[in-house]
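Engineer: Taking this note's numbering as reference, the numbering of the sequence shown is continuous, increasing by one, and the terminal residue is 375.
Built from N, CA and C at the ideal position, the CB exists for glycine as well.
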Amino acid sequence: MLNPKLKQALVDTKSALISWSHKLSLRPLKRLMELFGSWWQIIAIAFAAVIFLYYPLGGWLVEDIDTDTNVEISPANESQSATAEMMSYLIRREINDKIWTPNLPFFFPSYFLDNMPNFQLGLMSGVSNLATSMAAKLEKNIAAPEDNHLHNAAKLLEYPGTIWMFSPQNKLVPVPSAHSQYRKARKQLIKYNQALNEGSIVFYRNPKDLAYFLRRMKAQLHKTTLQLETQIREESSSWYDNQADNVFYQARGLAYADYMLLKALSFDYKQILVDTNTYSDWTILLKTLESAAQLSPSIVRNGKTDSLTAPNHLSNLGFYLYKAQNLLQKLAQQLGNNQH
36 MLNPKLKQAL
46 VDTKSALISW
56 SHKLSLRPLK
66 RLMELFGSWW
76 QIIAIAFAAV
86 IFLYYPLGGW
96 LVEDIDTDTN
106 VEISPANESQ
116 SATAEMMSYL
126 IRREINDKIW
136 TPNLPFFFPS
146 YFLDNMPNFQ
156 LGLMSGVSNL
166 ATSMAAKLEK
176 NIAAPEDNHL
186 HNAAKLLEYP
196 GTIWMFSPQN
206 KLVPVPSAHS
216 QYRKARKQLI
226 KYNQALNEGS
236 IVFYRNPKDL
246 AYFLRRMKAQ
256 LHKTTLQLET
266 QIREESSSWY
276 DNQADNVFYQ
286 ARGLAYADYM
296 LLKALSFDYK
306 QILVDTNTYS
316 DWTILLKTLE
326 SAAQLSPSIV
336 RNGKTDSLTA
346 PNHLSNLGFY
356 LYKAQNLLQK
366 LAQQLGNNQH
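#1: Less than 8 Å between the beta carbons of F248 and S315, yes or no?
#2: Just to confirm, are A170 and L370 a CB contact at a threshold of 8 Å?
#3: State yes or no: is the C-beta of P140 within less than 8 Å of the C-beta of Q155?
#4: Assuming A213 and T197 make a contact with CB atoms under 8 Å, what is their CB distance in whole Å?
#5: Looking at the strands, I want to know which residues DSSP matches up with N347.
#6: Between which residues of its own chain and K365 is the CB-CB distance below 7 Å, once the five residues before and five after are set aside?
#7: Taking the alpha-carbon positions, what's the N183 to M295 distance?
#8: Pull the bridge partners of F201 from the DSSP assignment, please.
#9: Does the Cβ-Cβ distance between Y284 and N150 come in under 8 Å?
#10: Taking the C-alpha atoms as reference points, what is the distance between L148 and Y275?
#11: So D280 and V335 are supposed to be a Cβ contact under 8 Å. How far apart are they, rounded?
#12: Enumerate in chain order the residues of its own chain whose CB-to-CB distance from R240 is below 7 Å, with the five nearest sequence positions on each side excluded.
#13: Near V208, what residues of its chain come up, given a Cβ to Cβ distance below 8 Å and the 5 sequence neighbours on each side ignored?
#14: For N187 versus P110, is the C-beta distance shorter than 8 Å?
#15: Under the assumption that A359 contacts A328 (Cβ atoms under 8 Å), give the Cβ distance between them as a whole number of angstroms.
#16: DSSP state of T136, grouped into three classes?
#17: If I measure Cβ to Cβ from A299 and keep anything under 6 Å in the same chain, skipping five residues before and after, which residues do I get?
#18: Per DSSP, what kind of secondary structure is L61 in: helix, strand or coil?
#19: Measure how close the beta-carbons of L324 and L343 come, nearest whole angstrom, since I'm counting them as under 8 Å.
#20: Checking 8 Å against the spacing of the C-beta atoms, do Q262 and V282 come in under that value?
#21: How is N112 classed by DSSP in three states: helix, strand or coil?
#22: Taking buried to mean at least 16 other C-beta atoms within 10 Å of its own C-beta, is Q223 buried or exposed?
#23: Rounded to the nearest angstrom, what separates V97 and T311 at their Cα positions?
#24: Please state the DSSP three-state secondary structure of V382.
Below, the structure written as structure tokens:
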């Protein structure tokens, strides 16, 4: 049993601590009230602090546009596809290793970003385009529809990248998110390579299939180049074009995806490129797309094409994309005419 004097001392100490804690906690609030006069002013200032710190700082931390071209992909054995592995890598990098930003709603700090979301959309459109092309040519005569892994991946990759949780047509209807669909697509690509490894399906390599892939890439680059041209024609005379960076980064994302995928295709079709004497043009094509992907101005300008002082970064990017289209056309013709 505690001594009455000791017990009273403990009670007094506890009371003193509580009193001091109240004073310390209320003092800043009292000081704020003295400075600003009302709770509404304090709330308004707190809200402004959240807006001007949360979004800029959070967006700065989230933004990560990766155009690393030094990534090397090599499958476990020659029966597998380096291209499928590259597509799987790009999806994992943008969905798992980073944050998929194009579909995030307003309460995420990345909501006001536009460069990274457009870059990611462009990149994924390139992956989707090649997956669709490969599914059309490489997986045939599969007994069970669920084993058509490339077809399944291609369908999943066609899903709009801007969907978060609700249908664009009806905001009350929940739907799968874009990043969840892309994760499923990646699993299908992994299963495809596993099936190749097991020998249940075979990756037949021939020049005409490769020519088809290149023509599909050219068509997509052509469409993107027309978007750049339209933006230049309609807005280059404007004092400020706030859509120029969106078009620029989406095209840049596509150029980067095509570079990485062509790099992987050159691994899968290496012998065919050597036999058809197309390796030199292929190397020039890769350098052209790499140059396009590495264009990174601090501020994207859509100035008049004959301006002395204002650059036009869209036309710079368009130059490389036009050159890439011409090389893709030339290579597709050479491969398509080959009797290998």
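Structural biologist: With the given structure in hand:
#1: no
#2: no
#3: no
#4: 7 Å
#5: N337
#6: D316
#7: 24 Å
#8: P209
#9: yes
#10: 18 Å
#11: 4 Å
#12: D303, Y304, I307
#13: F201, S202
#14: no
#15: At roughly 11 Å, the Cβ-Cβ gap does not stay under 8 Å, so A359 and A328 are not in contact.
#16: coil
#17: I108, A117, T118, M121
#18: Confidence is the limiting factor: at L61 the pLDDT is only 49, short of 50, which leaves the residue's position unreliable, though a coordinate-based value still follows. Correct three-state label for L61: helix.
#19: Not a contact, Cβ separation roughly 30 Å.
#20: yes
#21: coil
#22: buried
#23: 45 Å
#24: No answer is possible for residue 382: it lies beyond the span of the chain, which begins at 36 and ends at 375.
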